[in-house]
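Visitor: For the record, the sequence lines run as chains A and B.
Taking our numbering, I'd label the letters of the first sequence as residues 6 to 353.
Taking our numbering, I'd label the letters of the second sequence as residues 6 to 353.
One structure is given below, represented as structure tokens, and several questions about it will come after.
There are 2 protein chains.
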Amino acid sequence: MKRPTIADIAARAGVTKAAVSFALNGQPGVSAATRERILAIADELGFQPSSAARALSDGRAGAFGLVIDRPARTLGIEPFFVQLIAGIQAELSAGGTALLFTMVEDQAAEIELYRAWWAQHRVDGVFLVDLQLRDRRVGVLRDLRMPAIAFGSPRGSGPLPAVWQDDVAAVGTVVSYLTGLGHRQLARVGGFPRYWHSKLRSDAFAKAAVVAGLDAVSVESDYTSELGADATRKLLLGDRPPTAILYDNDLMALAGLSVAQQMGVDVPGELSIVAWDDSKLCELVHPAITALRRDIAATGVQGARLLMRLAAGEVAANICEPTPVLVERASTGRCAKRPAPLEEPAPA
Amino acid sequence: MKRPTIADIAARAGVTKAAVSFALNGQPGVSAATRERILAIADELGFQPSSAARALSDGRAGAFGLVIDRPARTLGIEPFFVQLIAGIQAELSAGGTALLFTMVEDQAAEIELYRAWWAQHRVDGVFLVDLQLRDRRVGVLRDLRMPAIAFGSPRGSGPLPAVWQDDVAAVGTVVSYLTGLGHRQLARVGGFPRYWHSKLRSDAFAKAAVVAGLDAVSVESDYTSELGADATRKLLLGDRPPTAILYDNDLMALAGLSVAQQMGVDVPGELSIVAWDDSKLCELVHPAITALRRDIAATGVQGARLLMRLAAGEVAANICEPTPVLVERASTGRCAKRPAPLEEPAPA
DNA sequence: TCGAAGCACTATACCGGTTAAGTGTCAATA
DNA sequence: TATTGACACTTAACCGGTATAGTGCTTCGA
């Protein structure tokens, strides 16, 4: 049994390919009776249109692309992307649109992939993640006139529509929560400083600290557990060790917790820990980690809708998703310490 | 600047489309000089063939598919799939082949997707993961005559070529390692019992225990931290609590470690813990978890090669990858306990 | 010196859809 | 009764490649 084409259906129905096409696509040009008959035959044969033929004919690929440029070894543990993809899929599959998903080594490779995909008509548009400060990708996509939307702040997406959360407000939530618990020495372990969302959170953190009149320091990392652990160690051994740390992802928070425990620093007695992005990992460890939760899958859904509209030539405006909410767990508590610096534990 | 087609190149070179096609594809039929000229023009225009046109013409989609049927919330934390995809990509991208990646809710949806993809010519073949005991997918793919390879034991892949590791040998490694440390009461927390790899490991575990003349029990779970934690709790509170537990993934091992610590069971003093599949998570926690390591990305590479051969109509035989090796860390140690049962900690 | 073979290339059909333009039939209208 | 127009379809071009069958020219051998 060959895969049937509209020509097969046309032959059986005693009409031409065009009539079949009209009937299948709900176009005028065939009578109701004929349409019925054609649909019945199509159904009986299990007809599905060839995506290649349709793509060639109407000029759209029926697929979108998502490229992630992060080292694979850290990615596996980032629930963010899987949630995002799950959300995107849920929306796309309804419309029969496929998702090309690729991981690359660096941004140059990512850009080359966009060029190739677009030149080959492989995709109708792409989702951008991890917006960077002077992001070459934005200009390239604009020049290519390739439909694209960004997950991240509109401040970094240039002409591209964005789906974003109010990270500034979320930082405020965390800072006031911690100050409410009596903490006066805060720290934050951020991600790559070249990422917009990392910078925005960093700035917001510094500003909120100034407003609240307290000590706050942000340090950079690369989202891996190694650097998260290093940063924690340095902070705790520093001149003015923090009594609370906000980590930019769950993995680093976990690493930080582990380091604190190894150093004999009690959590939450001496140190409170908060993670940005909640996941099973946060619930899993002991003490469970207080986290900022957002609905990442919902963000994916919105992004998919936005890109579909954009690719269809409709106007597409930024979408602001709900601000992350704080899920309180056992890793945060009242600050038990005087403003005086900690005694430094002897180096192992 | 429109995206150039072979017709544009032909016009510039003063030849026909056919000549251009011959030149670009290294076919005979054009002189060396003309070929040079055509290639130069193609290069100058930045020509890339339309994937849709090529797909329509030569009947292949230039893409493979990978569908994962697991709840998204657990997937995010499974490094296995990301590593596998990274390996697959690395190999496919060299040949300009794309990967359609999708997550679904259940097996019925997965099968529907295969049918749709095949009918629509969207893919030239698919990668199968999580082989199950009587796996409907295998029969469906055979009936569709759709090229497919499996990641997992050939015992479960039926007529499909497989890329696999010798899990039985790996189980043997772990069991003899643990008995060498003096453990006599072993347990294993497996995944879904309907998965072939889970069953194979389970059987191998039981057999190895019989051979070594010791107590061994396997319990089932769903790879989530919740069930991993539950299983650990039950085992430790049971009649004959194990002194060592092998977990089928890193996440459950982590959950098990956490539960043990909450129950006041010392690791590795009273309980040794081993994880199947190594990852950053295993190094991150305290004590770090001893794990079975395999090169998952390499497995992906092999799988991609195999599927490319299969889709090209070449013969494709099973490929056996190296047996996982044990990476010793702090979560395992000499058994300090008498064969007598543990005292049950009072329930919290 | 003529036929055959080889070469370089053209003309064209084809893959499977979509769609603009054209055709024949019938009913409504002037 | 001739004209118009709506309807239901057909014809054929088109998307951008690939592949097969030709065509005209050169070269070689008998």
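Heads up, the beta-carbon is just placed ideally off N, CA and C, and yes, glycines get one too.
This one's a predicted model, so the numbers in the text were calculated from it and none came from an experiment.
Look at the alpha carbon of Gln190 (chain A) and the alpha carbon of Thr304 (chain B), and state the distance between them as a whole number of angstroms.
Guide: Cα to Cα, Gln190 (chain A) sits roughly 48 Å from Thr304 (chain B).
Visitor: Tell me which residues share the same chain as Ser26 (chain B) and place their Cβ nearer than 7 Å to its Cβ, disregarding the 5 neighbours each side in the sequence.
Guide: Cβ within range, chain order: Ile11.
Visitor: Distance check for Ala38 (chain B) and Leu136 (chain A), CA to CA, integer angstroms please.
Guide: Leu136 (chain A) and Ala38 (chain B): Cα-Cα distance of roughly 46 Å.
Visitor: Rounded to a whole number of angstroms, what is the C-alpha to C-alpha distance between Val143 (chain B) and Leu71 (chain B)?
Guide: For Val143 (chain B) and Leu71 (chain B), the distance between alpha carbons rounds to 14 Å.
Visitor: Answer yes or no: do Asp253 (chain B) and Gly195 (chain B) have a C-beta to C-beta separation smaller than 7 Å?
Guide: A contact, by the Cβ cut-off of 7 Å.
Visitor: Which residues, taken in chain order from the stretch 262-283 of chain A, show a beta carbon closer than 8 Å to some beta carbon of chain B?
Guide: Those would be Ser263, Gln266, Gln267, in chain order.
Visitor: Could I get the ranges of all uninterrupted alpha helix (DSSP H) runs contained in the stretch 255-332 of chain A, with 4 residues as the minimum, in chain order?
Guide: With a minimum length of 4 residues, the continuous alpha helix (DSSP H) runs that stay inside the stretch 255-332 of chain A are 255-267, 285-289, 301-316.
Visitor: Under the DSSP definition of a beta bridge, which residues are partnered with Leu251 (chain A)?
Guide: Partner(s): A:Arg193, A:Val279.
Visitor: Would you call the CB atoms of Ile278 (chain B) and Ile324 (chain B) closer than 7 Å?
Guide: Cβ atoms of Ile278 (chain B) and Ile324 (chain B): not closer than 7 Å.
Visitor: Helix, strand or coil, according to DSSP, for Ser158 (chain A) in the structure here?
Guide: Looking at Ser158 (chain A) - three-state DSSP - the assignment turns out to be coil, as it is neither helix nor strand.
Visitor: Relative to the alpha-carbon of Ser36 (chain A), which residue among A:Ala47, A:Ala24, A:Ile46 has its alpha-carbon at the smallest distance?
Guide: Residue A:Ala24 is the option with its Cα nearest to Ser36 (chain A).
Visitor: Do you know how far the Cα of Val306 (chain A) is from the Cα of Arg42 (chain A)?
Guide: The alpha-carbon atoms of Arg42 (chain A) and Val306 (chain A) are separated by roughly 37 Å.
Visitor: Give a yes or no on whether 7 Å exceeds the smallest Cβ distance from Gln32 (chain A) to chain B.
Guide: So no, Gln32 (chain A) is outside the interface.
Visitor: Ordered along the chain, which non-local residues of its own chain (more than five positions away) have a Cβ less than 8 Å from that of Ser158 (chain B)?
Guide: These residues qualify, in order along the chain: Leu136, Ala167, Trp169, Asp172, Trp201, His202, Leu205.
Visitor: Just to confirm the assignment, what range does the alpha helix (DSSP H) spanning Val222 (chain B) have?
Guide: Where Val222 (chain B) is concerned, there is no enclosing alpha helix (DSSP H), although the beta strand (DSSP E) it sits in stretches over 220-224.
Visitor: Would you call the stretch 257-266 of chain A in contact with the stretch 222-236 of chain A, where contact means no fewer than 3 C-beta pairs closer than 8 Å?
Guide: Output reads yes: the stretch 222-236 of chain A touches the stretch 257-266 of chain A.
Visitor: DSSP three-state call for Ala335 (chain A): helix, strand or coil?
Guide: Here Ala335 (chain A) sits in coil by DSSP.
Visitor: Could you tell me whether the Cβ of Phe27 (chain A) comes closer than 7 Å to any Cβ of chain B?
Guide: Cβ-Cβ to chain B under 7 Å: no for Phe27 (chain A).
Visitor: Let me make sure I understand the geometry here. Which of B:Arg199, B:Gln125, B:Pro247, B:Phe86 has the alpha-carbon closest to that of Arg8 (chain A)?
Guide: Minimum Cα distance to Arg8 (chain A) is reached at B:Gln125.
Visitor: Based on Cα-Cα distance, which residue from A:Glu225, A:Ser226, A:Ala192 lies nearest to Phe210 (chain A)?
Guide: Checked all of A:Glu225, A:Ser226, A:Ala192; the closest Cα to Phe210 (chain A) is A:Ala192.
Visitor: Assign Gln32 (chain B) to one of two classes, buried (16 or more other C-beta atoms within 10 Å of its C-beta) or exposed (fewer than that).
Guide: The residue is exposed, with fewer than 16 neighbouring Cβ atoms inside 10 Å.
Visitor: What do you reckon, are the CB atoms on Val87 (chain B) and Ala77 (chain A) nearer than 7 Å?
Guide: Closer than 7 Å, so yes.
Visitor: Tell me, please, which residues DSSP counts as bridged to Trp169 (chain B).
Guide: Paired residue(s): B:Cys325.
Visitor: What are the residues that DSSP puts in a beta bridge with Ile73 (chain A)?
Guide: Ile73 (chain A) is bridged to A:Met108.
Visitor: Return the chain-ordered list of same chain residues with a C-beta closer than 7 Å to the C-beta of Ala175 (chain B), the five sequence neighbours on each side being excluded.
Guide: Only Leu297, Thr328, Pro329 meet the Cβ criterion.
Visitor: From Arg334 (chain B) to Thr295 (chain B), what does the alpha carbon distance come to, in whole angstroms?
Guide: Computed Cα separation, rounded: 4 Å.
Visitor: Taking all protein chains shown into account, do 16 or more other C-beta atoms lie within 10 angstroms of the C-beta of Arg139 (chain A), making it buried, or fewer, making it exposed?
Guide: Result: exposed.
Visitor: Tell me the DSSP bridge mates of Ala68 (chain A)?
Guide: Ala68 (chain A) pairs with A:Ala103.
Visitor: Just the C-alpha distance for Arg141 (chain B) and Arg141 (chain A), rounded to the nearest angstrom, thanks.
Guide: So the two alpha carbons sit approximately 46 Å from each other.
Visitor: Given this structure, state the Cα-to-Cα distance separating Pro152 (chain B) from Ala302 (chain B), to the nearest angstrom.
Guide: In a straight line, the C-alpha of Pro152 (chain B) is about 21 Å away from that of Ala302 (chain B).
Visitor: Should Val273 (chain A) be labelled buried (16 or more other beta-carbon atoms within 10 Å of its own) or exposed?
Guide: Going by the sequence as given, residue 273 (chain A) is Pro instead of Val. Label assigned to Pro273 (chain A): buried.
Visitor: Could you please give the first and the last residue of the uninterrupted alpha helix (DSSP H) stretch that includes Leu133 (chain A)?
Guide: Per DSSP, Leu133 (chain A) belongs to no alpha helix (DSSP H); it is in the beta strand (DSSP E), 131-133.
Visitor: Compute the Euclidean distance between the alpha carbons of Arg147 (chain B) and Arg127 (chain B), then round it to the nearest angstrom.
Guide: Cα-Cα distance, rounded: 18 Å.
Visitor: Name the residue from B:Asp227, B:Ser230, B:Ala221 whose alpha carbon lies nearest to the alpha carbon of Asp244 (chain B).
Guide: It is B:Ala221.
Visitor: Show which residues of chain B have a CB atom less than 7 Å away from the CB atom of Arg127 (chain A).
Guide: Correct list: Ser56, Ala103.
Visitor: Can you give the Cα-Cα distance for Phe85 (chain B) and Ala103 (chain A), rounded to whole angstroms?
Guide: For Phe85 (chain B) and Ala103 (chain A), the distance between alpha carbons rounds to 23 Å.
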